[in-house]
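Enquirer: The structure's right below; bear with me while I get my questions together.
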Amino acid sequence: MGKAEYLMSSYFSKLNDCGKIGRVHSTFTHSFNLIVAGRLIHITDSDNYLSSFGLRIPKEMFRKIMNFCKDDDIVKITDETLIFYSYQGVKIVSLKSIRKVPLEIINLSYDNQSVELLTKKLKSYELDKQLGIENTRQNQKYFEQLIQPEYSNQKWVEALIFFIGRGRGLTPSGDDILLGYLFILSIYQHPAVKQIQEILLNGLTTTTIISENYLRTAVQGFVSSPFIQLNQWFMYPVPEKLDVVLKNILAIGHTSGRDTAYGILLGVIMLSNEKINLGLNDKNN
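So the mapping is simple: my numbering equals the position in the sequence shown, first residue as 1, plus 23.
Right under this line is the structure:
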């Protein structure tokens with residue numbers, strides 16, 4: 024991603040998909056969220072991260088906006104502009120030259136070798152000791168349910184429901200785990216994906232609005248740029264590049280990256296446990 028580029032997730036067909044009037048919802052060091060009719064638009068100056076529902080603007084413009092607006096300020100959204108209204112006046116961000124970045128999950132054939140390599144690497148990080156949710160006996164019981172081949176039984180469904188909104192933070196750890204789990208199963212078009220999507224959509228009211236937006240876009244097949252990088256790694260699985268790809272995921276948020284990576288680990292273990300039953304044979308055989 025070029026540092027001077029304006030970028031937009033391909034999740035949006037046009038900038039004002041969600042509506043034409045919004046407000047500044049929440050601000051952070053390198054990003055802020057707009058809320059429009061209950062949906063979020065994540066705006067950042069990061070060179071390494073584009074949200075599934077996000078825009079990336081150059082750093083100089085980002086600083087100007089951050090110094091200009093505050094939470095709850097009104098923002099008007101057109102096809103090509105963001106117009107910020109503050110006590111300081113009005114500031115217009117032109118997005119005529121914005122480039123869309125494809126953030127759709129790419130479906131692939133199962134590759135046993137790359138899945139095993141990813142599993143081994145993720146296990147080496149000992150993620151279970153770094154989660155934003157306590158690894159209690161109860162949590163461990165539900166983790167075990169998620170990796171079992173009997174994905175249609177009631178215990179598996181209970182595990183999914185249990186983790187929605189579980190944990191602290193703007194994106195609770197349980198949600199991050201489920202996002203990673205759904206992401207990896209979606210790549211291989213696992214039969215459980217539709218059921219996971221339905222359960223998540225039914226549970227969105229029980230979590231935070233930021234987490235709701237990440238889960239909603241994942242259900243629709245879109246994820247943030249570090250996960251697309253992993254998705255693309257599966258297409259060209261060079262072992263030496265895996266560490267860099269995973270470190271970009273692990274760097275997300277306070278614990279979100281590690282939580283999501285753990286969800287990915289649970290997903291690949293599940294795939295490995297049932298690859299024979301599902302006919303997930305190595306693409307090279």
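For every residue, glycine included, the Cβ atom is placed at its ideal position computed from N, Cα and C.
Pair every Cβ in the stretch 154-174 with every Cβ in the stretch 193-204, then say whether three or more of these pairs are closer than 8 Å.
Expert: Cβ pair count under 8 Å is three or more, so yes.
Enquirer: Which of the three DSSP states, helix, strand or coil, is assigned to residue 31?
Expert: Strand at residue 31.
Enquirer: Hey, how far is the Cα of residue 295 from the Cα of residue 176?
Expert: Residue 295 and residue 176: Cα-Cα distance of roughly 19 Å.
Enquirer: Give every residue of the same chain whose Cβ lies closer than 6 Å to the Cβ of residue 308, excluding the five residues on either side of it in the sequence, and list them in chain order.
Expert: Only weak support exists for where residue 308 lies, its pLDDT of 47 falling under 50; the coordinates are left without a value.
Enquirer: Short of 8 Å in beta carbon distance, which residues of its chain neighbour residue 291, apart from the five on each side in sequence? Order them along the chain.
Expert: For residue 291, where only same-chain residues beyond five positions count, the Cβ hits under 8 Å are 138, 141, 142, 145 and 207.
Enquirer: What's the C-alpha gap between residue 169 and residue 216?
Expert: Their Cα atoms are separated by approximately 13 Å.
Enquirer: Going by DSSP in three states, residue 113 sits in which element: helix, strand or coil?
Expert: In the structure shown, residue 113 sits in a strand (DSSP, three-state: E or B).
Enquirer: Who does residue 166 pair with in a DSSP beta bridge?
Expert: Per DSSP, none; premise fails for residue 166.
Enquirer: Residue 110: which of 151, 226, 96 and 147 sits nearest, CA to CA?
Expert: Measuring from the Cα of residue 110, the nearest candidate turns out to be 96.
Enquirer: For the beta strand (DSSP E) holding residue 77, just list the boundary residues, first then last.
Expert: Note, residue 77: beta strand (DSSP E), 77-79.
Enquirer: Just the C-alpha distance for residue 179 and residue 165, rounded to the nearest angstrom, thanks.
Expert: If I take the Cα positions, the gap works out to 8 Å.
Enquirer: So, helix, strand or coil for residue 49, using DSSP?
Expert: Note: residue 49 maps to strand in three-state DSSP.
Enquirer: Which residues does DSSP list as the beta-bridge partners of residue 63?
Expert: Bridge partners of residue 63: 58.
Enquirer: Report yes if the C-beta distance between residue 34 and residue 230 is below 8 Å; otherwise report no.
Expert: Contact flag unset, no.
Enquirer: Bridge partners for residue 122 per DSSP, in chain order?
Expert: According to DSSP, which records beta bridges pairwise, residue 122 is partnered with 30.
Enquirer: If we ignore side chains and look at the alpha-carbon of each, how far apart do residue 218 and residue 205 end up?
Expert: If you take the alpha carbons of residue 218 and residue 205, they lie about 10 Å apart.
Enquirer: Excluding the 5 residues preceding and the 5 following residue 104 in the sequence, name in chain order all residues of the same chain whose CB lies nearer than 7 Å to its CB.
Expert: Counting only Cβ-Cβ distances below 7 Å, and skipping sequence neighbours, we find 115, 116, 117 and 118.
Enquirer: Could you give the first and the last residue of the continuous alpha helix (DSSP H) run that contains residue 216?
Expert: Start and end: 216-226.
Enquirer: Buried or exposed, going by whether 16 or more other CB atoms sit within 10 Å of the CB of residue 47?
Expert: Residue 47 is buried by the Cβ-count criterion.
Enquirer: Which residues in the same chain have their Cβ closer than 6 Å to the Cβ of residue 247, if we skip the five residues on either side of it in sequence?
Expert: Closer than 6 Å at the Cβ level, and outside the excluded window around residue 247, lie 74 and 75.
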